[in-house]
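Asks: Starting off with a structure, shown below.
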Amino acid sequence: MDTSDAERLPADHSSAAETPSSSLARSGPDVGAPKAAAVDAYVEQAVVRPGPEFAAVQRRAEEGGLPAIEISAAQGKHLELMVRISGARQVLEVGTLAGFSTLWMARALDDGGGIVTCEVEPHHATVARANLDAAGVGEKVDIRLGSAEQTLQSLVEEVRTGTREPFDLVFLDADKAGNPRYLELVMEMVRPGTVIIGDNVVRDGGVLEADSDDPDIQGIRRFLTMQGEDPRLEATAVQTVGAKSWDGFSLAVVTRG
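Quick look at the structure:
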């Protein structure tokens with residue numbers, strides 16, 4: 001597919017928000033230690049307090065057969081706060097799934113702000129579009145359908161030619177094997193102060209396995225090393241534990257162009 005042909009899913013103005021009563025406790029096959037998962041549930045109830053629109057996102061994802069690999073509500077709130085703290089107006093997300101993380105970030109954007117989110121699976125993009133429209137943030141979100149690398153190459157060209165502003169915050173949550181290449185492309189469309197967040201960088205400690213034949217592990221290791229070696233970045237990685245098991249995220253800020 002040509003890099004200029006990434007398909008966009010327009011906002012649907014006909015969708016109405018729904019108010020389900022289901023819990024947000026969707027978990028993948030590894031649910032982590034029971035106590036850690038219970039802490040996640042406590043934090044969600046006591047502090048995060050997600051609205052019914054998030055349960056609707058997860059219900060549609062389940063009904064649509066999407067994998068239960070979205071971030072937790074607490075992690076989503078963390079993303080929302082990062083957008084607010086950084087003052088980001090232009091956000092880039094790689095890996096949309098059902099739009100759960102997209103919705104958290106979109107909530108933090110003022111009028112005039114927007115998110116470009118990249119998704120390779122057409123069905124996932126369709127479910128995400130329905131979710132975001134129903135939640136009332138569809139106009140803020142540009143879903144680009146196509147491979148992440150090709151979509152990022154297209155966005156680089158848009159930034160280079162001045163048809164799009166550099167991004168203020170980037171969230172990488174697609175295939176981890178591709179993260180090194182995604183980071184290379186992202187660095188062509190950021191500015192000093194841009195925040196770059198990478199999800200799932202610990203993978204139950206798998207990041208320690210230098211000889212792993214898992215391409216995702218090797219991708220994560222290279223991705224982290226690249227951030228440590230790049231003089232334009234200041235970065236760290238933080239371990240997490242909870243309903244999503246033992247994992248973590250990387251956090252970097254662009255310090256110079």
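The sequence shown: position 221 = 221 (the UniProt record's numbering), numbered continuously. Don't be surprised by glycine CBs; every beta carbon is placed ideally from N, CA and C.
Just confirm the distance between the C-beta atoms of residue 190 and residue 215, as a whole number of angstroms; I'd bet it's less than 8 Å.
Replies: With 8 Å as the limit, residue 190 and residue 215 do not qualify as a contact, their Cβ atoms being about 25 Å apart.
Asks: What does the Cβ neighbour count give for residue 196, buried or exposed, with the cut at 16 atoms within 10 Å?
Replies: buried
Asks: How is residue 163 classed by DSSP in three states: helix, strand or coil?
Replies: The answer is coil: DSSP assigns residue 163 none of H, G, I, E or B.
Asks: For residue 122, count neighbouring C-beta atoms within 10 Å of its own C-beta (all shown protein chains included) and say buried if the count is 16 or more, exposed if not.
Replies: exposed
Asks: According to DSSP, simplified to helix, strand and coil, what is residue 211?
Replies: Coil.
Asks: Which of the three DSSP states, helix, strand or coil, is assigned to residue 250?
Replies: strand
Asks: Please specify which runs of the alpha helix (DSSP H), each continuous and at least 4 residues long, are wholly inside the region 141-195, giving them in chain order.
Replies: 148-160, 179-186
Asks: Below 7 Å CB to CB, which residues in the same chain sit around residue 83 once its five sequence neighbours on both sides are set aside?
Replies: Excluding positions up to five away in sequence, the list reads 91, 105, 108, 109, 169.
Asks: Starting from residue 237, trace the beta strand (DSSP E) both ways and give me its first and last residue.
Replies: 233-240
Asks: Return yes when the Cβ of residue 217 is within less than 8 Å of the Cβ of residue 179, no when it is not.
Replies: Not a contact, by the Cβ cut-off of 8 Å.
Asks: Decide if residue 151 is buried, meaning its Cβ has at least 16 other Cβ atoms within 10 Å, or exposed.
Replies: Note on residue 151: 16 or more other CB atoms within 10 angstroms of its CB, so buried under the neighbour-count rule.
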